[in-house]
Amino acid sequence: MFSLSLKSNPYAFVFKVIKIIGPVLGLSLIVGALANGYLQNSPQQLPIKYKLIQGERTFYLESASLPEELYKGLKFRTFLPSNRGMLFDLGRRHTNVGFWMYKVQIPLDIVYLDDGVVTKVINNASPCPKQPCPVYYAPTATHVLELRAEQANQVHIQPGRKLKLLPLKKQ
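Under numbering that gives the first Met the number 0, think of the first position of the sequence shown as 0, with each following residue one higher.
Put into structure tokens, the structure is as follows:
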């Protein structure tokens, strides 16, 4: 059996170590890059933390509040049930708030809220697979609610209306 020791030939030893570790590191980098690409293009599923009761309808809302959650939103979703949505918690009141539909695959209603009061509704915002995409602005917002297209109209969500977002009890 042939073996090298660090003392007998340090260059050969280093070459042997690189020959063994190099392919493992290379494969790890490739797998990591592929996994990262998949994760960046896969939909996020956030916890349902709120419900909105509007007339006889109840919507269960995922809550996005961290920067990466706010950025990803409902991107890459191919379906959103009619009783589901996402609530974006902006943390404080912002002015000239813009949302867009880049990489969102389903039409949505975008509802801008300022302390629970609707400031603007964008009905049936179209998916936008590639840039440039329109940006939908509202004068102020503390939260933004996204629902499946046509749901806001069906339950009469309109500017000036106060919506009551009820936190769900922790299980």
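A virtual CB, placed ideally from N, CA and C, is assigned to each residue, including glycine.
Since we're looking at a predicted model, the values are computed, not measured.
Q. Cα separation between VAL103 and ARG76?
A. 7 Å
Q.
Relative to the C-alpha of LYS169, which candidate in PRO42, ILE47, MET85 has its C-alpha closest?
A. ILE47
Q: Could you tell me which residues DSSP pairs with MET85 in its beta bridges?
A: Partner(s): GLU61, GLU145.
Q. Taking DSSP as the reference, what is the three-state secondary structure of TYR40?
A. For the record, residue 40 in the displayed sequence is Asn; it is not Tyr. It is coil, neither helix nor strand.
(Q) Can you list, in chain order, the residues of its chain with a C-beta nearer than 6 Å to that of LEU146? Leave out the 5 residues immediately preceding and following it. (A) GLY84, ASP108
Q) Quick one: what's got a C-beta closer than 6 Å to LEU165's C-beta in the same chain, skipping five residues either side? A) Once the five neighbours on either side are set aside, the close Cβ partners of LEU165 are LYS50.
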